Amino acid sequence: MTYYVGVDLGATNVRAVVADAEGRIIGTAKRGTPRGPTGIAVTEAVLGVTREACDDAGIDPEDAVSAGIGSIGPLDLAEGAVENPANLPDTIDRIPLTGPLSVLLDTDRVYLHNDTNAGVIGERFHSERNPDDVVYITVSTGIGAGVCIDGHVVSGWDGNAGEVGHMTVDPHGFMTCGCGHDGHWEAYCSGKNIPRYAYELYEEDPTVDTDLPVDDPDFSAVDVFQHAGDDEFADYVIDQLCHWNAMGVANVIHAYAPIVVYIGGAVALRNPTQVVDPIRERIEEMVMVNIPDIQLTSLGDDVVVKGAVASAMTGGTGDRARL
69 MTYYVGVDLG ATNVRAVVAD AEGRIIGTAK RGTPRGPTGI AVTEAVLGVT
119 REACDDAGID PEDAVSAGIG SIGPLDLAEG AVENPANLPD TIDRIPLTGP
169 LSVLLDTDRV YLHNDTNAGV IGERFHSERN PDDVVYITVS TGIGAGVCID
219 GHVVSGWDGN AGEVGHMTVD PHGFMTCGCG HDGHWEAYCS GKNIPRYAYE
269 LYEEDPTVDT DLPVDDPDFS AVDVFQHAGD DEFADYVIDQ LCHWNAMGVA
319 NVIHAYAPIV VYIGGAVALR NPTQVVDPIR ERIEEMVMVN IPDIQLTSLG
369 DDVVVKGAVA SAMTGGTGDR ARL
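Per the numbering used here, the sequence shown starts with residue 69, numbered consecutively.
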């Protein structure tokens, strides 16, 4: 029997699954991502959940023929590691991944991707059409994309292609991104920055009548979406978000000409009618090339780990012809 391992290394949780030759998940494990003391603790957590997933599947780790990893970045593909991850403590400067997992599984077929590239591999693999030209965009704590063009997953020389959240959508630079630059898509529409953007809009006219708790330290994107329909200012904020999201997706379409665009991430999954639907409605007036099919991901929160398994099964491509 043939078995495959998929790993999803996020800033909050580490997940591993085992799949059989048909891609059915037969073993799973999950634990919180360690906050230190060093990156080796995170490596050990990856190995630990992989062992647990294999135990859950009733197999030995050496029974797996290959593995895929979808990970937070930045990546060093040459070393098979994460380098200085932005959303973990500063003491975690390097997380070795492919080498230790290869030793555990006794295979050199370990494919490392950033999480959005794992996402696009999963979307491609599980789509009925198995398209060669597809983009997966995540709108979550940050914004990023996995891109597959002409059947090739676009990784870049260092594995960090697809940082579309750092495309400039506002040349006036009303908002400063977490990376320090002005006007980036992520500065307006990521889950982390939506409350900051709402606050700045409120500061333009602090006399506006709103129930949004803009001065509350715990004010979050959830508050904005929950007040939609009942609060005129919340509706205004969401309308602005829709504009920037549509502009960001239009930029991606112009750059890559995909047949289909899948949108996922926590912000989109929890608010599809306020995130995905308006993009569909506005995109035609912003795009001068063929308009792709724009869909909410059907893989939900499993898109990265399912993409990691699909990578293991298809040599890092998501192309079912490679089975």
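All C-beta atoms, glycine included, are put in the ideal place defined by N, C-alpha and C.
In this text the structure is predicted, and so the values were computed from the model without any measurement.
- Short of 6 Å from the beta carbon of I205, and not among the five residues preceding or following it, lie these beta carbons of its own chain, in chain order: A213 and I331.
- Take the alpha-carbon of I306 and the one of L391: they are about 43 Å apart.
- Of the residues assessed, H220 falls on the exposed side of the cut-off, its CB having fewer than 16 other CB atoms within 10 angstroms.
- Within its own chain, the residues whose Cβ lies closer than 6 Å to the Cβ of C245, once the five positions on either side in sequence are excluded, are H252, E254 and A255, listed in chain order.
- Between V82 and S208 the beta-carbon gap is near 17 Å, outside 8 Å, which marks them as no contact.
- In the structure shown, L145 adopts coil according to DSSP, grouped into three states.
- Contact check for G136 against V371 fails: the beta carbons are separated by 8 Å or more.
- The region 220 to 240 makes no contact with the region 260 to 273; the number of CB pairs closer than 8 Å stays below 3.
- Cβ neighbours of P157 within its own chain (closer than 8 Å, five residues either side excluded): R103 and G104.
- Beyond the five residues adjoining it in sequence on each side, I127 comes within less than 7 Å, by CB distance, of Y71 and V86 in the same chain, given in chain order.
- Closest option to A323, judged by alpha-carbon separation, among C216, Y179, E120 and E191: C216.
- In the three-state reduction of the DSSP assignment, L180 falls in the strand class, which pools E and B.
- A direct Cα-to-Cα measurement between I211 and L364 gives close to 15 Å.
- If you check the CB distance, G333 and G190 do not come in under 8 Å.
- Sequence-distant partners of W312 (beyond 5 residues in either direction) whose C-beta falls short of 7 Å from its own C-beta, in its chain, are V237, W253, Y256 and C257.
- Per DSSP, reduced to three states, the secondary structure at A125 is helical.
- Annotation: N155 to P263 spans about 19 Å, alpha carbon to alpha carbon.
- For T159, the closest of T385, G386, A109 and V292 by C-alpha to C-alpha distance is A109.
- Residue nearest to G368 within the set N339, R197 and S170 is N339 (criterion: CA-CA distance).
- For the beta strand (DSSP E) assignment, the uninterrupted runs of no fewer than 3 residues enclosed by the region 183 to 226 are, from N- to C-terminal side, 202 to 207 and 211 to 217.
- Fewer than three pairs of CB atoms, one per stretch, sit closer than 8 Å, so the region 344 to 353 makes no contact with the region 138 to 157.
- Under DSSP, no beta-bridge partner is assigned to V282.
- Within the region 254 to 327, the complete alpha helix (DSSP H) runs of at least 4 residues fall at 262 to 272, 289 to 294 and 300 to 324.
- Counting the other Cβ atoms within 10 Å of the Cβ of A132 gives 16 or more, which makes it buried.
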